[in-house]
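For reference, the structure discussed in these notes is given below.
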Amino acid sequence: MTELNPAPAPENGSDNSEIALEVRNLYVGYYEDLHILQGVSLKAQRAKITTILGANGVGKSTLLKAIYGFLKPSRGEVILNGRNVVGTPTYKLIDLGLAYIPQQPGIFRWMTIEENLELGAYTFRRDKARIKRKLEEVYARFPVLKERRKSLAGKLSGGQQRMVEVGRTLMTDPTVMLVDEPTAGLAKLLSEEVYQMLVNLKESGITIILVDQEIRHALKIADYVYVLELGRNKYEGPVEQFTSPADIKKAFWA
Ligand SMILES: Nc1ncnc2c1ncn2[C@@H]1O[C@H](COP(=O)(O)OP(=O)(O)O)[C@@H](O)[C@H]1O
Ligand SMILES: [Mg+2]
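Sequential numbering from 28 applies to the sequence shown in our numbering.
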């Protein structure tokens with residue numbers, strides 16, 4: 028394995044439009060002084076895939092939840108498109124271009140695909156013309172959802188259900204998408220569809236922050252990699268430096 032850079036000390040980076048989302052020195056926990064994240068920092072380049080790796084329980088999902096406003100950091104900053112958004116409620120973060128695909132699939136199985144997608148338009152639910160326009164954009168991106176728009180979402184394959192979730196977030200034109208283990212529990216072929224979808228999203232200009240246990244897959248599509256260890260940055264670097272998944276596992280999970 029090539030030499031990896033140790034994580035640099037947290038710094039106060041300057042505003043840079045190439046950076047779509049930055050986390051600076053974040054401390055977050057579920058109970059008062061018990062910080063799960065202890066000074067995590069990262070930068071996500073615009074229209075790139077930044078992946079966050081690390082063993083089970085190091086705080087990857089906690090980090091995404093904190094960025095999305097579900098948890099309130101006790102210290103640190105989250106800079107979204109140049110502005111500090113710590114403390115901003117989630118519905119406003121959505122307006123500012125943030126989207127989140129949680130680890131647990133969240134589609135409504137007994138609603139149609141179209142009804143699931145329309146939920147993504149909740150914040151502008153009275154603007155029928157806009158909803159229609161956004162639906163057409165999602166259908167143009169995912170023609171299979173258009174074909175099956177009246178089918179119950181529960182009848183879709185696991186990969187297509189992920190597509191519905193992503194489609195639902197696209198209704199609000201996100202610039203940054205937080206994606207937590209999108210292929211957990213999916214068969215290999217379906218996983219590949221999901222990863223291809225993430226690559227397509229990136230190519231259309233969306234910044235992706237991908238948390239994944241599937242190291243091999245994540246490294247195939249990522250541009251930049253962060254490795255966390257128990258709530259702290261451990262390693263980071265361009266994906267080219269992370270050449271062997273087996274070595275990485277040994278180095279980080281041992
Ligand atoms: N809702 C919660 N309440 C209390 N502790 C939690 C909660 N969710 C996660 N944790 C704890 O936070 C730590 C990090 O969890 P998580 O962010 O889910 O890790 P990862 O996604 O890296 O596997 C774990 O020790 C976990 O037990
Ligand atoms: Mg997790």
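The C-beta atom is built at its ideal place from N, Cα and C for all residues, glycine as well.
Check: residue i C-beta below 6 Å from any heavy atom of ligand 1
i	result
Lys87	yes
Tyr222	no
Asn83	yes
Tyr57	yes
Rounded straight-line distance, which links the Cα of residue j to that of residue i
i	j	result
Gln72	Gln240	21 Å
Thr78	Met138	32 Å
Ile158	Arg175	18 Å
Lys182	Val67	40 Å
Asn108	Phe135	31 Å
Tyr57	Arg102	14 Å
Tyr95	Ala167	27 Å
Asp207	Glu142	23 Å
Lys75	Arg153	33 Å
Ile46	Lys70	6 Å
Gln65	Ile106	18 Å
Leu237	Leu205	6 Å
Pro209	Arg189	7 Å
Leu257	Val171	41 Å
Tyr253	Tyr54	17 Å
Lys119	Asp200	13 Å
Glu267	Arg243	13 Å
Local Cβ density within 10 Å of residue i, reported as buried at 16 or more and exposed below that
i	result
Asp60	exposed
Ser271	exposed
Ser218	buried
Val221	buried
Lys229	buried
Phe97	exposed
Tyr127	buried
Lys92	buried
Ala249	buried
Residue i: CB within 6 Å of a non-hydrogen atom of ligand 4
i	result
Ile63	You won't find ligand 4 in this model; what it holds is ligand 1 and ligand 2.
For residue i, the first and last residue of its enclosing alpha helix (DSSP H)
i	result
Asn227	Lys215 to Glu230
Arg148	Checking the sequence, you will find Ala at residue 148 rather than Arg. Note, Ala148: premise wrong, no alpha helix (DSSP H); not H, not E.
Range covered by the beta strand (DSSP E) that runs through residue i
i	result
Gly56	Ile46 to Tyr58
Gln65	Leu61 to Gln72
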